[in-house]
Amino acid sequence: MIGRMGNSGTLAIGAALAALGLMVLTVFTLNELVLAALVAAVVVAYVASIWCVFARGRYFAVVLGAVGSSLAVAFSIAFLRMWGLAFNRDASALGQAVTSRDSDIYFYLAVITGLLTLALLFVSAVWPSRRVRLPQKPKRPAPRKPAARRPATKTPVPRKPATKSPAPRKRAPSPTR
Numbered sequence: 004m005i006g007r008m009g010n011s012g013t014l015a016i017g018a019a020l021a022a023l024g025l026m027v028l029t030v031f032t033l034n035e036l037v038l039a040a041l042v043a044a045v046v047v048a049y050v051a052s053i054w055c056v057f058a059r060g061r062y063f064a065v066v067l068g069a070v071g072s073s074l075a076v077a078f079s080i081a082f083l084r085m086w087g088l089a090f091n092r093d094a095s096a097l098g099q100a101v102t103s104r105d106s107d108i109y110f111y112l113a114v115i116t117g118l119l120t121l122a123l124l125f126v127s128a129v130w131p132s133r134r135v136r137l138p139q140k141p142k143r144p145a146p147r148k149p150a151a152r153r154p155a156t157k158t159p160v161p162r163k164p165a166t167k168s169p170a171p172r173k174r175a176p177s178p179t180r
């Protein structure tokens, strides 16, 4: 099954498995380097999944992935904005300031939409197509034309023009002795 997916499908599966392993490792170690490797593996899985989805012609999944990605980024920016970490130093520039207690919903929405988008793209990339492919009959080779004859290397002797052959001659009587 993996052989029919192509390189991008295989890479998506490998990167997803690596991301799962790195996620478990991150939970146990809480190391920044492992977290950076996890983010890199997720990005590779995301890009490979998009590539494979395009190659399979599943454009509706691409549109849903774009919508989900946009929502995940928007919720992430809203979460960071609530903490005063994004775009503006003044917390009340766009309206009344909101306490950071209310920012949890944006964090959860960002995580949920991000994970759902990744899952949708990954499943779209590796799910087999519904088309039933019948075994193809072996193609017959095209009929071969006979090889053209090469002209002889010797110069042909010119033929005499065709003329009417003369009437057969009668034998002259032989002298009798």
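When we follow the working numbering, the leftmost residue of the sequence shown carries the number 4, and every step to the right adds one.
By construction, the Cβ of each residue, glycine as well, lies at the ideal position given by its N, Cα and C atoms.
Computed from a predicted model, the values in this text were never measured in an experiment.
Closest Cα partner of residue i within the set the options
| i | options | result |
| --- | --- | --- |
| G20 | V42, G9, F31, L33 | This sequence places Leu at residue 20; Gly is not what is there. The shortest C-alpha separation from L20 is found at V42. |
| S127 | G17, V114, R61, G71 | R61 |
| V114 | A77, F57, K142, V50 | A77 |
| V66 | L123, L25, W86, S106 | L123 |
| L112 | L121, F82, A58 | F82 |
| A51 | G68, R143, K173, A15 | A15 |
| M85 | I108, F63, A150 | I108 |
| A48 | L74, R174, L25 | L25 |
| T116 | A58, F31, G68, K140 | G68 |
| A18 | F125, R147, L74 | F125 |
| A22 | L33, A39, T32 | A39 |
| I53 | T156, L121, Q139, R133 | L121 |
| A75 | F110, A58, F57, S106 | F110 |
| S132 | R59, T29, F31 | R59 |
Residue i burial status per 10 Å Cβ neighbour count (16 or more: buried)
| i | result |
| --- | --- |
| S11 | buried |
| V46 | exposed |
| R143 | exposed |
| A64 | buried |
| L36 | exposed |
| L33 | exposed |
| A150 | exposed |
| T156 | exposed |
| T179 | exposed |
Contacts around residue i, its chain only, beta-carbon distance under 8 angstroms, and the 5 residues preceding and following it disregarded
| i | result |
| --- | --- |
| L119 | G71 |
| F57 | V65 |
Residues of its chain near residue i, where Cβ-Cβ distance is below 7 angstroms and the 5 sequence neighbours each way are ignored
| i | result |
| --- | --- |
| M8 | C55, V129 |
| S79 | A113 |
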